[in-house]
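In terms of my numbering, the sequence shown is residues -13 to 100. We treat Cβ as the ideally placed atom computed from N, Cα and C, and that holds for glycine. Take a look at the structure set out below.
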Amino acid sequence: MSENCIFCKIVAGQIPSKKVYEDELVYAFHDISPQRPVHILVIPKHHLTSLQQATPADEPALGRILSVANQLATKAGSPGGFRVIINNGDIGCQEVQHLHAHIVGGDQPVGPIL
Ligand code: 5GP
Ligand code: ZN
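Written out as structure tokens, the structure reads:
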């Protein structure tokens, strides 16, 4: 756990979240400010700032994020498909410094970004 990381605190239960899935590697919850009818965040339980810091040791959690995406999107109400978006670093529009995949769907997107 990283000090002052809000997503580490969500995993630890120190900040409330609307959890939709959890296993030994990842934690998934509703985005606090949804941009689409379905907008879920999936994060590694261990602190990883972004893909800029990822190493082979992170591969189990990164793989799990992708392999649970379909079941989460479908259960949340996006049966016809969904998008997975990971922002990395300042230029990559990342605001929260704990890697998170946005699972978005539920309607037709208006453009290539969220
Ligand atoms: P980023 O721009 O870093 O890719 O996206 C950060 C996302 O985290 C945003 O969509 C924002 O709404 C969401 N977010 C920020 N703080 C919280 C929080 O405390 N709880 C939840 N559930 N989502 C958050
Ligand atoms: Zn963290």
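Would you kindly work out how many angstroms separate the C-alpha atoms of D93 and A(-2), rounded to a whole number? Taking the first residue of the sequence shown as 1, we reach residue 93 at position 107. Taking the first residue of the sequence shown as 1, we reach residue -2 at position 12. Rounded to whole angstroms, the gap between the alpha carbons of D93 and A(-2) is 32 Å.
So, helix, strand or coil for L11, using DSSP? Here residue 11 refers to the residue found at position 25 when the sequence shown is read from its first residue. Coil.
In three-state terms, what does DSSP make of G91? For this step, residue 91 is matched to residue 105 along the sequence shown. Under the three-state reduction of DSSP, G91 is assigned to strand.
Rank A40, K31, V12 and Y7 by C-alpha distance to the C-alpha of N74 and give the top, closest one. Numbered from its first residue, the sequence shown carries residue 74 at position 88. When each option's Cα is compared against that of N74, the closest is A40.
P95 to F68, Cα distance in whole Å? Taking the first residue of the sequence shown as position 1, residue 95 is located at position 109. Taking the first residue of the sequence shown as position 1, residue 68 is located at position 82. Computed Cα separation, rounded: 10 Å.
Return the bridge partner residues of P30 from the DSSP annotation. As a first step, residue 30 must be located in the sequence shown, where it is residue number 44. Note: P30 sits in a beta bridge opposite V12.
For the ligand 5GP, I want to know if C(-9) counts as a neighbour, meaning its beta carbon is within less than 8 Å of at least one of the ligand's heavy atoms. Counted from its first residue, the sequence shown places residue -9 at position 5. Not so, every heavy atom of the ligand 5GP lies at least 8 Å from the Cβ.
So is S64 buried or exposed if we call it buried at 16+ other beta carbons inside 10 Å? Position 78 of the sequence shown, counting from 1, holds the residue named residue 64. With 16 or more other Cβ atoms within 10 Å, it is buried.
How many Å lie between P46 and V12 at the Cα? In the sequence shown, counting from the first residue as 1, residue 46 sits at position 60. In the sequence shown, counting from the first residue as 1, residue 12 sits at position 26. Near 10 Å, if we compare the C-alpha coordinates of V12 and P46.
Distance, Cα to Cα, L34 vs K5? If you number the sequence shown from 1, residue 34 lands on position 48. If you number the sequence shown from 1, residue 5 lands on position 19. Rounded to the nearest angstrom, the two C-alpha atoms are 19 Å apart.
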